[in-house]
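One structure is given below, encoded as structure tokens.
Numbering (our numbering), first residue to last: 6 to 146.
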């Protein structure tokens, strides 16, 4: 019984540590390590990004328990606005963090939040909830 309890405590410790690594945007977060060893990332959803009048709008939905889509294709070199929609959303997912841009926003339970991301460079832009439990990526190519 003591071994099982120890394994549960150890597992919770790793889970908590990974949440902190996600919040920091660390390459040592479990998902990024898995990708480095060949685990594939979901295909980027191109339908969530629209370009009009020289500006790009990327729309995601923050649902209780997930950001959807969790991988969005975006174009580089274009002024970009991230629109995050909520509808009765509860929990830590209402706290959106984009570590590499030092952006932190508390989303309304229901509504729409617009975030200016500036002009994006090729690569990826990761975002996560305020506890590092739920995350997503903008794939910029």
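No residue lacks a Cβ here, since even glycine has one placed at the ideal position from N, Cα and C.
The model shown is predicted, which means the values in this text are computed figures rather than measured ones.
* Alpha carbon to alpha carbon, how far is residue 79 from residue 88? Give it in angstroms, no decimals. => Residue 88 sits at position 83 when you count from the first residue of the chain shown. Residue 79 sits at position 74 when you count from the first residue of the chain shown. Roughly 13 Å between the two C-alpha positions.
* Which residues in the same chain have their Cβ closer than 7 Å to the Cβ of residue 29, if we skip the five residues on either side of it in sequence? -> Position 24 of the chain shown, counted from the first residue, corresponds to residue 29. Cβ within range, chain order: 104.
* To do: Measure the CB-CB distance between residue 23 and residue 48 and report whether it falls below 8 Å.
  => What you label residue 23 is simply residue 18 of the chain shown in a count that begins at 1. What you label residue 48 is simply residue 43 of the chain shown in a count that begins at 1. The answer is no: Cβ separation not under 8 Å.
* To do: Measure the C-alpha to C-alpha separation of residue 123 and residue 6 and round it to an integer number of angstroms.
  => One-based indexing of the chain shown puts residue 123 at position 118. One-based indexing of the chain shown puts residue 6 at position 1. Between residue 123 and residue 6, the C-alpha separation is close to 54 Å.
* Asked: What are the start and end residues of the beta strand (DSSP E) that includes residue 145?
  -> As a working mapping, residue 145 is identified with position 140 in the chain shown. Residues 140 to 145.
* To do: Measure the C-alpha to C-alpha separation of residue 136 and residue 56 and round it to an integer number of angstroms.
  => Indexing the chain shown from 1 puts residue 136 at position 131. Indexing the chain shown from 1 puts residue 56 at position 51. Rounded to whole angstroms, residue 136 to residue 56 spans 32 Å at the Cα level.
* Asked: Where does residue 119 land, buried or exposed, given buried means 16+ other C-beta within 10 angstroms?
  -> If you number the chain shown from 1, residue 119 lands on position 114. So residue 119 ends up on the exposed side.
* Can you check whether the CB of residue 74 is closer than 8 Å to the CB of residue 145? -> The residue you call residue 145 lines up with position 140 of the chain shown. The residue you call residue 74 lines up with position 69 of the chain shown. Against a cut-off of 8 Å, the Cβ pair of residue 74 and residue 145 comes out as no contact.
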